[in-house]
Structure formats: C-alpha cells, structure tokens
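Residues in the sequence shown are numbered consecutively from 233, following my numbering.
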Amino acid sequence: MSKHLAVKGYNVTVFDSYRPSNYNEWILLMDEIIIGDISDESAISRLADKNFDIVIHLISLDHYKSENDPNFVSSINVMPTWNLLDSFTKNGLKRFIYFSTIHVYGNLPSGIITEDQIPQPSNAYGLTHLLSENICNYYNEKTETECINVRLSNTYGSPVFKENNCWWLVINDLCKTAVENNEIRLKSDGSPQRDFIHGDDVAKAIDILINYKNNTGDNIFHIASGQILTILELAHRVKSVYTKMYDKEIDIILPDNSISEYPDSDNSKDIDRYVISTKRLKNLGFKQGLDLELGINEIFYYLKIGVV
C-alpha cells in the first residue's frame, strides 16, 4: 500500500517495528521510515508532532495471536487506536482511516451483508477491532478529524519484502504448497466460505477513501470483491491456474486422503452463500482491477521467478 500511494504522488511516512534491508527501490519512494513500537505512547506523541494530513492505521495482531492474554492483545489491537486519535486529533489531522475486519460481524448469515449489518463478533480478533471502530466513531463525532472504518475481507498477493510473513494467507498458502509439493492438501472439507481481494485493489480503494468528500455521513466501508467461494472451489481455481502456468496436473487431497474432483456445479448452486456488499465503495468510483485468476497468476509468477 505504501508503495502504491507513493507512486501516486503522496508523501508517505511509514511507521513500523523494523526497517527492511536490501529494498532500496521501496525505501527511496518513502518520504521517511520511522522505527518504533505502536504500544509506546511517547512514540505516538512524537509522531503526531509531524502534522500529517492522513493517518492509515493497519497494525494489528492476527486471528491466532488475538486469542492471547487480554492485556497484551488490547495493547496492540485497541489502545494504539485510542492513543493515535488522542494525539493526532489535537494536531489538526484531517482524516484517520482504520483497518477493521469483516470478522466484526461474527458468523455471517446467507444473503447480502451491508455495512448496516449489526456486528456480533465471535472471536477476540473481531471483538478488538469492533472496540477500535467504536473509538474511531467517538472521535469522528467529537472532533474535526474524519474517521473512517474499513471492514476488510481476506487479502492475498505476493509480498513487497521477502521477510513479509504472508504465506499463511489462504490463497498464498495454496499457491506455495502447489509449487513446493506438487499437490494441494486441504486441512478441512473445504466447505468454509470466503471473500478474497488482492492487495493491489485494497490500495486502490484506500486511495479513493483518502480523497472522497463525505457528503453522506457514511464512515464504514467494505473493501471486498463481493464474490464468495468455498475453500474447495478456491483450491480448484488455484489448481487450474497452476496447470496453465506449469503445464502439469496436480491433485487436491482432502483430510481423509481422498482426491477431490471439481465441485459439482449443481451442488455448488445449492450452497447458501453470503455476499459482502461493496455498493457503498463502488458509488465512490471503485472498480476491482484484478480478478481472482489474475491475482493467483501474480502469486505463481512471483514464486516461479524464485523469489521465495
């Protein structure tokens, strides 16, 4: 995202816990790179003194780490949001964009899910993001800073840095497993449903949210593809792209060690699916640039040139 925005002409300052090495092209694009701890209130206060126009807050523990000790989890997932807004709103910040998650809804029912759906988080990851959303809403009402909550679905795509630990993401993991093991082995029956959107399209959406004029009062936006697949259907999409790129077939192996055939189209139609509505974002001019096949192809190309 930082690279996308810098290329678009923004002066981008990155706050992170480490500075990547041997990525001079990216480093040269950044206005400044600040190394620090997001849970350090004094570091946030010093950051706020720089008088930025826009803050995009992406730091969070993942789903698994969010199930740890509540004090630790809230020190990363919740309190930094409060401290950032407390410091930056005093210095005339124009807009604060918080990266939340679709997980604030909990177990999604079938049908169309709009931003007006009542959140009912079913895990600590969703709960802590909902708490941070409420903090954003408070400052949106009480200060001149416009606070936007972005509810993100599931991202994927090749990493900017080799050190990025992005291979646990579902699509990334399936692609890497296919290349390394010449097979795709599922850890479940493949029935869970997911919405996937490429990281490049997420960056494009944020570019829109940086600049849009809020005439409607909406401050919650889905960033998603609006298309739902089961994990099994996804695995077969990955297999199809793999076959075209590498000119060889691979098997999809289920937990019982049986080999999956392509999901029956009639049965697929009978699945009760949810759909994450992106109408609100599309009304601002957002158009998805990378469909799933192109996005999967991008990951395979990254793996094929031997970066990993």
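Where a beta carbon is used, it is the ideal one built from N, C-alpha and C, also for glycine.
For W314, the closest C-alpha among the options V239, Y534, S271, P424 is that of S271. Between the region 483-497 and the region 397-405 there are fewer than three inter-stretch CB-CB distances shorter than 8 Å, so the stretches are not counted as touching. Listed in chain order, the non-local C-beta contacts of W258 below 8 Å within the same chain comprise S234, K235, P252, V392, F393, local neighbours out to five positions each way being set aside. The beta-carbon separation of V336 and R383, rounded to 6 Å, stays under the 8 Å limit for a contact.
In the structure shown, the three-state DSSP call for H295 is coil. Taking a cut-off of 8 Å on C-beta distances, the region 339-354 does not touch the region 304-322, as fewer than three cross pairs fall below it. Counting C-beta pairs with one atom in each stretch, the region 354-372 and the region 424-442 have fewer than three that are closer than 8 Å, which means they do not touch. I267 is not a Cβ neighbour of S385, given a cutoff of 8 Å. Rounded to whole angstroms, D348 and G422 show a C-alpha spacing of 29 Å. DSSP, reduced to helix, strand and coil, places E378 within a strand of the structure shown.
For the 8 Å CB-CB criterion, Y444 and C379 do not form a contact. Burial state of K471 is buried, judged by a 10 Å Cβ sphere holding 16 or more other Cβ atoms.
Listed as beta-bridge partners of I329 by DSSP are I288, I380. Ranked by Cα distance from G458, the first of T387, T360, S420 is T387. Each of E395, K282, T333, E299 was checked against the Cα of F453, and the nearest Cα belongs to T333. One thing to note: I531 has its Cβ within 8 Å of the Cβ of G389.
For a cut-off of 8 Å, the C-beta gap from I350 to I416 is around 36 Å, too long to register as a contact.
Runs of alpha helix (DSSP H) with 4 or more residues, each lying fully within the region 418-493, are found at 431-443, 463-478, listed in chain order.
Under DSSP, E264 shares a beta bridge with T245. Rounded to the nearest angstrom, the Cβ distance from I528 to R469 is 7 Å, consistent with a contact under 8 Å. Membership of Y250 in any alpha helix (DSSP H) is not indicated, and neither H nor E is assigned to it by DSSP. Burial check for D479: the Cβ neighbour count within 10 Å stays below 16, so the residue is exposed. In the three-state DSSP reduction, E347 falls in the coil class, being neither helix nor strand.
For Y533, the uninterrupted alpha helix (DSSP H) segment begins and ends at 524-536. The closest CA to that of D263, considering only D504, I484, V244, L516, is found on V244. Secondary structure at Y255: coil, using DSSP grouped into helix, strand and coil. In the three-state reduction of the DSSP assignment, I416 falls in the strand class.
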